[in-house]
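Down below is the structure, laid out as structure tokens.
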Ligand code: ES4
Ligand code: ZN
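Residue numbers (the working numbering): 2 to 381.
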């Protein structure tokens, strides 16, 4: 007996679940009854796969620490810093999150981080995210931070990075979660401003694994920051940059990220699928792509789950991540489950997504293998 459309289903387990005798029964079942069994079975398998996803050891490679600022903490910090918020309640604040594209999201995102003033605020923000990530079995995370979004408000670079770092250290000690920091330049500010941020980072080089580029991509191509990224590379930083989804000149920007910047990773990069030669180059360089489905569902026309599946099928090192989970509701488990549900990924495809994340991480080879072993043991 075969039931079609159940990726990875195993007939023995299925029969056991349905409590059916193994032989001689199929012809006695009415078609409607069969459809009911099939539905029950699909629901059961889905539930099992969701559990598997929740328990899976995970790596997150694309999360903006400022994008993890949940409304509840925003209220607490506003009160602690004697700041007024234009909302009375958490619900009213959430209701005001009505963005539908990147610029409308970014406006709310930058406004929101106004409550981050003292070093302790950056600590509390980071620690809260790491506790949440840990609760979803994230064992490794690379965190983006946006120093220019704070220094332009009069908050010192030291305040920002000391608070984040102290939380990273405490979380590693208390929760066992390992993290590294990636400093992002704001691409809608000047290259000179990015260069200042780069120089400010140098005393903290030991705390920062790489640099990235985020904020509004429209009119701000990778080549605008060619000299900044060249210096960052010379200083020993690894390089990534946002190649946001469905932007003007998306594939041109991805080509620039490869050829003019020589990136070590691509954030998002879904539009690479429009150019076969570009896909092959990304595959050849073994570059990870950090796709963020729930985020994409808010700022583009879809979660791009089909595209994630196509990238997997092509052998691209695609990963699933949460981006700004306080604004695009969903942390790692929710993003993986949403993708799986949307395109019916098999268990082995889910494991491949996570293998890609550990392999594409910026950890030393030994640490990478140790974490990959944890994933393999779980999936065995
Ligand atoms: C961002 Cl979704 C997104 N895109 C570009 N820059 C960002 N910074 C924070 N979230
Ligand atoms: Zn992002």
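Glycine included, every Cβ here is placed at the ideal spot set by N, Cα and C.
Determine whether the beta carbon atoms of residue i and residue j lie at a separation below 8 Å.
i, j, result
"residue 257", "residue 294", "no"
"residue 100", "residue 271", "no"
"residue 178", "residue 140", "yes"
"residue 291", "residue 320", "yes"
"residue 216", "residue 189", "yes"
"residue 360", "residue 313", "no"
"residue 268", "residue 63", "yes"
"residue 149", "residue 186", "yes"
"residue 146", "residue 184", "yes"
"residue 305", "residue 280", "no"
"residue 346", "residue 310", "yes"
"residue 1", "residue 182", "The first residue shown for the chain is 2 and the last is 381, placing residue 1 beyond what the model contains."
"residue 372", "residue 356", "no"
"residue 205", "residue 162", "yes"
"residue 60", "residue 142", "yes"
"residue 332", "residue 58", "no"
"residue 262", "residue 239", "no"
"residue 81", "residue 115", "no"
Where DSSP assigns a beta bridge to residue i, which residues make up the other side?
i, result
"residue 268", "243 and 291"
"residue 211", "183 and 239"
"residue 59", "139"
"residue 320", "291"
"residue 70", "Note: residue 70 sits in no beta bridge, so no partner."
"residue 64", "144 and 324"
With 16 other CB atoms within 10 Å as the buried threshold, where does residue i fall?
i, result
"residue 3", "Note that residue 3 has pLDDT 29, beneath the 50 cutoff, so the model's placement of it is unreliable and the number below is only indicative. That one is exposed."
"residue 35", "exposed"
"residue 365", "exposed"
"residue 423", "Past the boundaries of the shown model lies residue 423; the chain is included only from 2 to 381, so the question cannot be answered."
"residue 75", "buried"
"residue 52", "exposed"
"residue 200", "exposed"
"residue 273", "buried"
"residue 1", "Past the edges of the chain, shown from 2 to 381, lies residue 1, and the structure says nothing about it."
"residue 207", "exposed"
"residue 340", "buried"
"residue 368", "exposed"
"residue 370", "exposed"
"residue 381", "exposed"
"residue 41", "exposed"
"residue 169", "buried"
"residue 214", "buried"
"residue 195", "buried"
"residue 87", "exposed"
"residue 198", "buried"
"residue 23", "Residue placement at residue 23 cannot be trusted, given a pLDDT of 46 that sits under 50; what the coordinates show is reported in the next sentence. Label assigned to residue 23: exposed."
"residue 25", "With a pLDDT of only 48 at residue 25, under 50, the local geometry of the prediction cannot be trusted, and no value is derived from it."
"residue 248", "buried"
"residue 70", "buried"
"residue 297", "buried"
"residue 203", "exposed"
Any heavy atom of the ligand ES4 inside 7 Å of the beta-carbon of residue i?
i, result
"residue 64", "no"
"residue 247", "no"
"residue 296", "yes"
"residue 103", "yes"
"residue 68", "yes"
"residue 321", "no"
"residue 276", "no"
"residue 170", "no"
"residue 226", "no"
Report whether the distance from the Cβ of residue i to the nearest heavy atom of the ligand ZN is below 7 Å.
i, result
"residue 268", "yes"
"residue 52", "no"
"residue 244", "no"
"residue 125", "no"
"residue 217", "no"
"residue 147", "no"
"residue 159", "no"
"residue 293", "yes"
"residue 189", "no"
"residue 324", "yes"
With a threshold of 7 Å (Cβ to nearest heavy atom), would residue i be considered close to the ligand GTP?
i, result
"residue 175", "Looking for the ligand GTP in the displayed structure turns up nothing; the ligands present are the ligand ES4 and the ligand ZN."
Contained alpha helix (DSSP H) runs [length at least 4] in the segment 292-360, N- to C-terminal order: 294-300, 306-315 and 333-344
Runs of beta strand (DSSP E) lying entirely within the segment 91-174, each at least 3 residues, in chain order: 139-146
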